[in-house]
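Each residue of the sequence shown is one higher than the last, beginning at 240 in the working numbering. Below is one structure, written out as structure tokens; the observations come after it.
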Amino acid sequence: MAKSGGIRPIWIVALIVAVLAGWLASGMLGDRTGSPSEPAETNAPQAVGVSTRKSDAETVWREAELNGVTAPDRAVTLRARTAGRVQSIGAERGSRVASGDLLVRIAIDDRAAARSEARAVVEQRRLQYEAVRRMSERGYQTRTDLAQAKSDLEAASARLAEVQQDIDNTVVRAPFAGVLETRPVEVGDYLGVGDEVARVIQQDPFVVAGDLSEADVAFVEPGQPGRARLIDGRLVEGRVRYVATEADPETRTYPVELEIDNPEGRLVAGASAKLMLPLEQVRAHAVAADLLTLDESGNMGIKTVGEDGTVVFYPADIVKSDGGSLWLAGLPPTVELITAGQGFVRAGDAVRVVDAPTAARAGAVGEREGVDAVPGA
240 MAKSGGIRPI
250 WIVALIVAVL
260 AGWLASGMLG
270 DRTGSPSEPA
280 ETNAPQAVGV
290 STRKSDAETV
300 WREAELNGVT
310 APDRAVTLRA
320 RTAGRVQSIG
330 AERGSRVASG
340 DLLVRIAIDD
350 RAAARSEARA
360 VVEQRRLQYE
370 AVRRMSERGY
380 QTRTDLAQAK
390 SDLEAASARL
400 AEVQQDIDNT
410 VVRAPFAGVL
420 ETRPVEVGDY
430 LGVGDEVARV
440 IQQDPFVVAG
450 DLSEADVAFV
460 EPGQPGRARL
470 IDGRLVEGRV
480 RYVATEADPE
490 TRTYPVELEI
500 DNPEGRLVAG
510 ASAKLMLPLE
520 QVRAHAVAAD
530 LLTLDESGNM
540 GIKTVGEDGT
550 VVFYPADIVK
560 SDGGSLWLAG
570 LPPTVELITA
580 GQGFVRAGDA
590 VRVVDAPTAA
600 RAGAVGEREG
610 VDAVPGA
């Protein structure tokens, strides 16, 4: 077969592929090395926009806040001191009573006859004693006879006093002014000695009782002022009337009582209350409760802007609460509190101060994009 002249087409294709491969390889290498004249692209985060407020520390009282409970100043359960049938009722449950008011009267029955007999015996013994005394003065009675007559008179008098006391015990009276809380008896009921007759509660003053910790008890003493927030939201003032000197062996706390006025009798016993007692004076900042936030470790605190423009986190040392505000100690004398955008920055982040609406918009963008720190607009 005769050989054909010229270049075959397959060699032409192979040459073109080799040239293209070399050109592509040189282009990829150029991409890796880059051109010195082209600036490198950066992803450095921008400063986050936050809103701040300047705060100066003030001198305030550090307070201990205790969970307390209201209680009456005095509460007495009255019990029958003699047996008998209930003859009459002097006051209804829930009514106000004065000291000495009749609550329950027990029938006297044969006690009146016993008293008359005892009086007669006393009179007889008195006449006998007088006769023996006169005879003794004349020498007709011995000193022993006189002593016996005197002893008989005193025994009769004691018996009369016993009968009279039993009669007095048939009348049950209020020991002090207050409210007749309970009266579990009615007319016709039979009472034995020791049976409950009534319970009287003194309503004014009232007491809020709580338990002080070991760290706070040294700062509280009887007579100092205090406050209590009642279950209905009212804030009342009073004075400490009692601080225990011995700890409860189970809780290691010290019972304390705050006495408050209750002239209208509106307070009820057994209700929850918040007891607030001043401990010591400290320098603190007033902040809104909603400015508190958590750091990465879960500690509650406040975020501020430092002099270098970065976020500084201070743990919350709450010394007292006043309505919706908290007083925090442990901060510098003057700080820039972050009031908007604190939820989107961490300690050490660079920030720039913007107005509150701008910081709020930046926070909204951060929530939509799912990032931790959002640049301010």
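Ideal placement from N, C-alpha and C gives every residue a C-beta, glycine not left out. Bear in mind the structure is a predicted one, so any value in this text is a computation, not a measurement.
How big is the Cα-Cα spacing for residue 569 and residue 531?
Along the sequence shown, read from residue 1 onward, the residue named residue 569 stands at position 330. Along the sequence shown, read from residue 1 onward, the residue named residue 531 stands at position 292. Rounded to the nearest angstrom, the two C-alpha atoms are 14 Å apart.
Would you report the Cα separation of residue 408 and residue 321, rounded to the nearest angstrom?
On the sequence shown, residue 408 is found 169 positions in, with the first residue counted as 1. On the sequence shown, residue 321 is found 82 positions in, with the first residue counted as 1. So the alpha carbons of these two residues sit roughly 6 Å apart.
Output the distance between the C-alpha atoms of residue 573 and residue 503, rounded to the nearest integer angstrom.
By one-based count along the sequence shown, residue 573 stands at place 334. By one-based count along the sequence shown, residue 503 stands at place 264. Rounded to the nearest angstrom, the two C-alpha atoms are 46 Å apart.
Looking only at DSSP bridge pairs, what is residue 556 linked to?
Reading the sequence shown from its first residue, position 317 is the one you call residue 556. Per DSSP, 568.
Taking only the alpha-carbon atoms, compute the straight-line gap between residue 450 and residue 351 and give it to the nearest angstrom.
What you label residue 450 is simply residue 211 of the sequence shown in a count that begins at 1. What you label residue 351 is simply residue 112 of the sequence shown in a count that begins at 1. Spanning the two alpha carbons is a distance of roughly 53 Å.
Would you decide whether residue 335 is buried or exposed? Buried here means 16 or more other CB atoms lie within 10 Å of its CB.
For the purposes of this step, residue 335 is identified with residue 96 of the sequence shown, where counting begins at 1. By the neighbour-count rule (16 or more Cβ atoms within 10 Å), residue 335 is not buried but exposed.
In whole angstroms, give me the CA-to-CA distance for residue 436 and residue 426.
Residue numbering aside, residue 436 sits at position 197 when the sequence shown is read from its first letter. Residue numbering aside, residue 426 sits at position 187 when the sequence shown is read from its first letter. Taking the straight line joining both Cα atoms gives about 12 Å.
Three-state secondary structure (DSSP) at residue 582?
Indexing the sequence shown from 1 puts residue 582 at position 343. The answer is helix: DSSP assigns residue 582 an H, G or I state.
Alpha carbon to alpha carbon, what distance is there between residue 419 and residue 343?
Sequence index remark: in the sequence shown, residue 343 carries index 104 (1-based). Sequence index remark: in the sequence shown, residue 419 carries index 180 (1-based). Each residue's Cα considered, the two are about 11 Å apart.
Taking the alpha-carbon positions, what's the residue 480 to residue 567 distance?
Here the question's residue 480 lines up with position 241 in the sequence shown. Here the question's residue 567 lines up with position 328 in the sequence shown. Their Cα atoms are separated by approximately 29 Å.
Say whether the region 324-334 touches the region 454-471, bearing in mind that this needs 3 or more beta-carbon pairs closer than 8 Å, one atom from each stretch.
Touching, no, given that fewer than three Cβ pairs across the two stretches are closer than 8 Å.
Within the same chain, show all residues whose beta-carbon is closer than 6 Å to that of residue 528, passing over the 5 residues directly before and after it, in chain order.
In the sequence shown, counting from the first residue as 1, residue 528 sits at position 289. Contacts found: 563 and 565.
I'd like to know whether the C-beta atoms of residue 289 and residue 580 end up nearer to each other than 7 Å.
Along the sequence shown, one-based indexing puts residue 289 at 50. Along the sequence shown, one-based indexing puts residue 580 at 341. Yes, the Cβ-Cβ distance between residue 289 and residue 580 is below 7 Å.
Whole-angstrom Cβ separation of residue 589 and residue 286, contact assumed at under 8 Å?
By one-based count along the sequence shown, residue 589 stands at place 350. By one-based count along the sequence shown, residue 286 stands at place 47. Right, the Cβ-Cβ distance comes to about 5 Å (below 8 Å), so this counts as a contact.
Hey, is the region 504-513 in contact with the region 538-556, meaning 3+ C-beta pairs nearer than 8 Å?
No contact exists between the region 504-513 and the region 538-556.
If contact is defined by three or more beta carbon pairs under 8 Å, each pair taking one atom from either stretch, is the region 360-376 in contact with the region 384-401?
The region 384-401, when compared against the region 360-376, does touch it at the 8 Å Cβ threshold.
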